[in-house]
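*Asks:*
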Ligand SMILES: Cc1cc2nc3c(=O)[nH]c(=O)nc-3n(C[C@H](O)[C@H](O)[C@H](O)COP(=O)(O)OP(=O)(O)OC[C@H]3O[C@@H](n4cnc5c(N)ncnc54)[C@H](O)[C@@H]3O)c2cc1C
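Protein chains in written order, with this note's numbering: chain A, 2 to 511; chain B, 4 to 117.
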């Protein structure tokens, strides 16, 4: 069922069993899971079914520290959320991502990869991926010509990826609006979360839109699913009862913001051709691989988890830094420019078919960011059109991030030499071991993580292992804000899995 | 593009004679042109000025290797692999190279006409 909140009367009261705030990737994944149950689900979505610049503008904010994309254009603010722009690259987190590593400060989740496995399988259905199988040998059997580089398996392994084309707006619009027990309210922006008198649970949320009207939504359980930056912003901005905001007794909300560092960091020059489809992907690719560092090598070298993907060098040299391309406040314009740069570079690269460069690759890093309390989301003194303080993002990296990238390429260079395959050339910023600075073309994956991190100790995390906000018995957070560490792969498959796990948990509570 | 001037047979430089393969790093010659190889050799010599003579480099490269033509190239190739395995590597202009092949580049650069 769909209700456009703009037609409701001022002060209208919306009531249900559970209230999901945000109809994006996480929120829709959960709502789908409740279709056909006997519970009334309220799904509050700030935008409509299409892009609306006035709503999108509510995402505007300022950034400091390491250069970052305009906050307005890093997410999409309407039904379907950021799946409207995502690239669909999916791979699960590795077992090591969940455990405490003594060389990675604040690492360790209260859950394991095994805990998530059944939900990863379900998330595959939601994201319309292939089988939940990321074993290289499985895919080698399925697809022709996936020939791996003969590298030492103790150091480098082939981490498989699958590709989703799911855009939740088109894909799930009918299912959600057609579900009798799901009440989707569009143009229903949550602007404040109100706790009960003893501040132990949520009583209601305040909802607003550009008509100037305000509504209240009440439910037994509330799930915040607005994306990692926005979830933190809402908790911080809900400060009418507690000055530091909700769930923020220990000043953790918004801290530990993490991204994936994505960057063209080196080159690989093969000494002879090596025909394979394993390391390339394009439209229609079912599975491909990135070169990943084994758990053993990460442990021995005390580095973060990261992977390396290969782009033909002729193509890579024609690409521009995403940080420079995706710089328009309007996400549609940023996306348009982004795809144009890629298609121009592809066209130019097609002409390069001969010579040594045809055996050369640009090596792209994809690496987790070490948890850092100073990398954080806070509130600005400026307010948006609905009266909510805007977001301030300070993105800050650490030496461990840089040392890990350098070491990954040193290991890869060594392995390529041992195998006699070719040679690796480090880009300028990695050459001096003492240089801890970051290049201006450092990219991030538009992956927002860690602002409401998970830890069973309220002094160390905003939510517990069940994604429940510490101290607020009926408030949960869905999404990658709950990640304690950011893993190397893109976050969405894991965030859908985690959301489905949360969905099961809340079902058990209702 | 500069031409590779390393001869196939024994090569003489002053009094010193050595086999051409010694100054021809196999993998790198499939990756670089001669000019790059010579430039890398120059960089190596600048970093290790004590190795800036044919005599010194030939001595280092032929340590434990058969001097006769057959087998030298294979020996050097496996020594390069061994260098990578044992971490006897260095970075020149960003390239992660084995010490042996970097020395080959240095020898190559000494053989180039000034
Ligand atoms: C260009 C780009 C490429 C990407 N590629 C990949 C990729 O290849 N693989 C991958 O794993 N990830 C990728 N991502 C990241 C991925 O899109 C996100 O991880 C994912 O969409 C986040 O899901 P979410 O549900 O947390 O947030 P969203 O999907 O952004 O959903 C949040 C929802 O909450 C709504 N909302 C916000 N505030 C309020 C409010 N106050 N009240 C009510 N509703 C509100 C929004 O309108 C939105 O619908 C990419 C992102 C971008 C921008």
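C-beta atoms are modelled at their ideal positions from N, C-alpha and C, and glycine is treated no differently. Since we're looking at a predicted model, the values are computed, not measured.
Counting pairs of beta carbons, one from the segment 52–69 of chain A and one from the segment 420–438 of chain A, are three or more of them closer than 8 Å?
*Replies:* These segments do not touch.
*Asks:* Quick one: complete beta strand (DSSP E) runs, 3+ long, within the segment 457–496 of chain A?
*Replies:* Listed in chain order, they are 476–478.
*Asks:* Can you tell me whether residue 403 of chain A is buried or exposed, with buried defined as 16 or more other CB within 10 angstroms of its CB?
*Replies:* So residue 403 of chain A counts as buried.
*Asks:* Return no unless some Cβ of chain A is closer than 7 Å to the Cβ of residue 97 of chain B.
*Replies:* It does; some Cβ of chain A falls within 7 Å.
*Asks:* Assuming contact is defined by CB atoms lying nearer than 7 Å, are residue 397 of chain A and residue 381 of chain A in contact in what I supplied?
*Replies:* No, these two residues do not count as a Cβ contact at 7 Å.
*Asks:* Please check the pair residue 446 of chain A and residue 263 of chain A, which I expect to be a contact at CB under 8 Å, by giving their CB distance rounded to whole angstroms.
*Replies:* The pair is a contact, with the Cβ atoms about 5 Å apart (cut-off 8 Å).
*Asks:* What is the residue span of the alpha helix (DSSP H) that residue 62 of chain B lies within?
*Replies:* Where residue 62 of chain B is concerned, the enclosing alpha helix (DSSP H) stretches over 57–65.
*Asks:* Along the chain, where does the alpha helix (DSSP H) containing residue 140 of chain A start, and where does it finish?
*Replies:* Segment 137–143, the alpha helix (DSSP H) holding residue 140 of chain A.
*Asks:* Return yes when the C-beta of residue 210 of chain A is under 6 Å from any heavy atom of ligand 1, and no when it is not.
*Replies:* Flag unset: Cβ of residue 210 of chain A not near ligand 1.
*Asks:* Are the beta-carbon atoms of residue 268 of chain A and residue 416 of chain A separated by less than 7 Å?
*Replies:* Going by C-beta atoms, residue 268 of chain A is not nearer than 7 Å to residue 416 of chain A.
*Asks:* Note down the Cα distance separating residue 20 of chain B from residue 103 of chain A, rounded to an integer number of angstroms.
*Replies:* Distance between the alpha carbons of residue 20 of chain B and residue 103 of chain A is about 55 Å.
*Asks:* Tell whether a beta-carbon distance below 7 Å holds between residue 295 of chain A and residue 158 of chain A.
*Replies:* Cβ distance < 7 Å, so residue 295 of chain A and residue 158 of chain A count as in contact.
*Asks:* Is residue 35 of chain A near ligand 1, going by C-beta to nearest heavy atom under 6 Å?
*Replies:* Incorrect: residue 35 of chain A has no Cβ contact closer than 6 Å to ligand 1.
*Asks:* Could you tell me if the beta carbon of residue 90 of chain A falls within a distance shorter than 6 Å of some heavy atom in ligand 1?
*Replies:* Residue 90 of chain A Cβ: within cutoff of ligand 1.
*Asks:* Three Cβ pairs or more, each shorter than 8 Å: is that satisfied between the segment 197–216 of chain A and the segment 4–14 of chain A?
*Replies:* Touching, yes, given that three or more Cβ pairs across the two stretches are closer than 8 Å.
*Asks:* The beta strand (DSSP E) that contains residue 313 of chain A, what's its start and end?
*Replies:* Element bounds for residue 313 of chain A: 307–313.
*Asks:* Residues of chain A with CB under 7 Å from residue 94 of chain B, in chain order?
*Replies:* Simply 427, 432.
*Asks:* Determine the direct distance from the alpha carbon of residue 100 of chain B to that of residue 22 of chain B, and round the result to whole angstroms.
*Replies:* Taking the straight line joining both Cα atoms gives about 22 Å.
*Asks:* Within 7 Å of any Cβ in chain B, is that where the Cβ of residue 174 of chain A sits?
*Replies:* Chain B contact via Cβ: absent.
*Asks:* Comparing the CB of residue 22 of chain B with every heavy atom of ligand 1, is any distance shorter than 6 Å?
*Replies:* Flag unset: Cβ of residue 22 of chain B not near ligand 1.
*Asks:* Helix, strand or coil: how does DSSP classify residue 47 of chain B here?
*Replies:* The answer is helix: DSSP assigns residue 47 of chain B an H, G or I state.
*Asks:* For residue 106 of chain A, does the count of other Cβ atoms within 10 angstroms reach 16, so buried, or fall short, so exposed?
*Replies:* By the neighbour-count rule (16 or more Cβ atoms within 10 Å), residue 106 of chain A is not buried but exposed.
*Asks:* Determine, using beta-carbon pairs with one atom in the segment 144–162 of chain A and one in the segment 181–189 of chain A, whether at least three such pairs fall under 8 Å.
*Replies:* Because the criterion of three Cβ pairs below 8 Å is not met, the segment 144–162 of chain A and the segment 181–189 of chain A do not touch.
*Asks:* Would the C-beta of residue 365 of chain A count as close to ligand 1, meaning under 6 Å from any of its heavy atoms?
*Replies:* Not so, every heavy atom of ligand 1 lies at least 6 Å from the Cβ.
*Asks:* If you measure from the beta carbon of residue 163 of chain A to each beta carbon in chain B, is any gap under 7 Å?
*Replies:* For residue 163 of chain A, the answer is no, since every Cβ of chain B falls outside 7 Å of its Cβ.
*Asks:* Does ligand 3 have a heavy atom nearer than 6 Å to the CB of residue 369 of chain A?
*Replies:* No copy of ligand 3 occurs in the structure displayed; its ligands are ligand 1 alone.
*Asks:* Do residue 109 of chain B and residue 60 of chain B have their beta-carbon atoms positioned less than 7 Å apart in this structure?
*Replies:* Cβ distance < 7 Å, so residue 60 of chain B and residue 109 of chain B count as in contact.
*Asks:* Give a single yes or no on whether residue 267 of chain A has its beta carbon closer than 6 Å to a heavy atom of ligand 1.
*Replies:* For ligand 1, not one heavy atom lies less than 6 Å from the Cβ of residue 267 of chain A.
*Asks:* Can you name the residues of chain A whose CB is closer than 9 Å to the CB of residue 100 of chain B?
*Replies:* Those within 9 Å of residue 100 of chain B in chain A are 414, 418, 424.
*Asks:* Pick helix, strand or coil for residue 89 of chain A, following the three-state DSSP scheme.
*Replies:* If DSSP states are grouped into helix, strand and coil, residue 89 of chain A belongs with coil.
*Asks:* With DSSP as the reference, label residue 299 of chain A as helix, strand or coil.
*Replies:* Residue state, collapsed to three classes: helix.
*Asks:* Does DSSP put residue 361 of chain A in a helix, in a strand, or in coil?
*Replies:* Looking at residue 361 of chain A - three-state DSSP - the assignment turns out to be strand.
*Asks:* Can you give me the C-alpha to C-alpha distance between residue 5 of chain B and residue 37 of chain B, rounded to a whole angstrom?
*Replies:* With a pLDDT of only 40 at residue 5 of chain B, under 50, the local geometry of the prediction cannot be trusted, and the value read off the model is given with reservation. Roughly 6 Å between the two C-alpha positions.
*Asks:* Please report whether the beta-carbon of residue 511 of chain A lies at a distance below 7 Å from any beta-carbon of chain B.
*Replies:* False, the Cβ-Cβ gap to chain B never drops below 7 Å.
*Asks:* Consider the C-beta atom of residue 492 of chain A and the heavy atoms of ligand 1; say whether any pair is separated by less than 6 Å.
*Replies:* Flag set: Cβ of residue 492 of chain A near ligand 1.
*Asks:* I want to know whether the segment 142–159 of chain A touches the segment 277–288 of chain A - three or more CB-CB distances under 8 Å.
*Replies:* Touching, per the Cβ criterion.
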